[in-house]
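So this is what it looks like as structure tokens:
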């Protein structure tokens with residue numbers, strides 16, 4: 001038996017933020033990140049719409065990129081004090097992910113973080129509040145997914161939380177918010193969305209309900225991401241829909257080891273963070289080469305290549321064409337092809353911010369953590385410790401994967 005879960009209501013299109021007027025409740029807490037949503041006036045608009053709905057509103061601001069366990073606990077305490085019946089999270093993936101975790105601790109104060117990081121182990125939510133998610137970036141699709149990623153900085157590790165309980169009740173996909181993204185963020189979030197769609201298509205849990213969403217999202221991203229990066233706002237608007245379609249697919253089909261590797265390398269090194277979308281973009285071509293040793297996965301990668309109109313007579317040629325096309329997209333978006341060329345902020349550089357010796361010293365532990373990541377189970381090929389270490393070496397030095 002399969003399961004396909006999405007928010008009950010999804011409002012989309014420019015101006016759909018106004019749908020907040022129609023939420024029914026007494027108190028709403030609005031969770032946001034940095035200052036961009038306030039600077040561009042979206043926070044004030046959201047607050048006003050919620051007040052028009054007859055609700056008392058409280059702000060929880062300052063959720064950092066890659067939200068921390070500490071921020072989650074602080075937000076949950078604010079919720080316990082305010083007692084909202086609506087949690088509204090607006091911004092990039094970080095404030096929405098953080099608010100999902102806050103939601104659990106708000107409703108279950110005695111729950112522990114260790115309990116929540118076990119996949120599909122959340123207690124039943126909606127005993128106190130419902131959840132509305134409003135994305136401002138075109139990548140994570142957390143507004144429609146059963147996932148969140150929280151960082152434990154003391155341990156240097158990212159935890160992907162997974163449970164259908166944290167799928168939002170309402171998603172508002174308003175392209176007006178996405179039009180404010182700077183080019184670098186547009187690139188990274190766009191390739192994150194591409195990775196979502198491709199990994200979902202080859203996941204061991206893909207199905208007839210997820211496949212068309214994956215393929216259409218892949219084609220839209222391939223067609224529109226570079227245009228969006230270059231400032232074409234019509235393409236930017238389409239990308240906001242494309243990333244959401246990718247999210248609808250992967251929340252039900254799950255992901256693979258591109259994300260496992262990205263989760264476990266993101267905060268592992270002292271030189272700086274490997275931004276999630278950039279990590280996915282770098283690792284995806286290598287993982288395709290690795291997974292393509294499984295015939296069924298190879299055929300599905302070839303399906304994607306055909307769908308994009310790439311050239312190739314054989315399955316192997318089509319897989320190679322897809323790898324080449326993704327690498328070319330990275331080049332056009334100023335995303336590195338390897339960790340050894342990963343510069344500050346996730347752009348191409350001659351010298352990496354990730355020290356080579358530290359990478360080698362931590363290789364075994366990072367590989368072991370990646371294998372244990374929740375995303376590994378649905379990957380079409382299960383890596384051994386040796387293979388995961390070799391994969392990580394390949395993404396550091398930009399080596400072809402032939403094992």
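Residue numbers (my numbering): 1 to 403. Glycine included, each C-beta is placed from N, C-alpha and C at the ideal position. Keep in mind that this is a model prediction, so the values were computed, not measured.
Coil, strand or helix - residue i by DSSP
i, result
"residue 12", "strand"
"residue 257", "helix"
"residue 212", "helix"
"residue 147", "strand"
"residue 342", "strand"
"residue 354", "coil"
"residue 291", "helix"
"residue 1", "coil"
"residue 404", "Past the boundaries of the shown model lies residue 404; the chain is included only from 1 to 403, so the question cannot be answered."
"residue 127", "coil"
"residue 101", "helix"
"residue 266", "coil"
"residue 366", "helix"
"residue 206", "coil"
CB contact flag (residue i, residue j, <8 Å)
i, j, result
"residue 53", "residue 30", "no"
"residue 68", "residue 174", "no"
"residue 217", "residue 224", "no"
"residue 357", "residue 371", "no"
"residue 284", "residue 198", "yes"
"residue 98", "residue 127", "no"
"residue 401", "residue 286", "yes"
"residue 252", "residue 5", "yes"
"residue 269", "residue 355", "yes"
"residue 150", "residue 76", "no"
"residue 166", "residue 103", "yes"
"residue 294", "residue 305", "no"
"residue 196", "residue 254", "no"
Nonlocal neighbours in the same chain, by C-beta distance under 7 Å from residue i, ignoring five residues either side
i, result
"residue 162", "119, 120, 146, 147 and 374"
"residue 18", "49"
Close beta carbons around residue i, own chain, < 6 Å, minus the five adjacent residues each side
i, result
"residue 28", "50, 55, 57, 84, 86 and 88"
"residue 297", "202, 291 and 380"
"residue 207", "2"
"residue 275", "188 and 346"
Bridge-paired residues (DSSP) for residue i
i, result
"residue 68", "151"
"residue 31", "60 and 89"
"residue 170", "9 and 132"
"residue 348", "342"
Range of the contiguous beta strand (DSSP E) that encloses residue i
i, result
"residue 158", "157-162"
Residue i - containing alpha helix (DSSP H), residue span
i, result
"residue 43", "42-52"
"residue 303", "295-307"
"residue 392", "385-397"
"residue 201", "183-202"
"residue 332", "315-332"
"residue 178", "175-178"
Same chain, Cβ closer than 8 Å to residue i, five either side skipped, listed in chain order
i, result
"residue 239", "138, 178, 186, 190, 193, 220, 221, 224, 225 and 228"
Min CB distance residue i to chain C below 8 Å
i, result
"residue 88", "You won't find chain C in this structure, because it holds only one protein chain."
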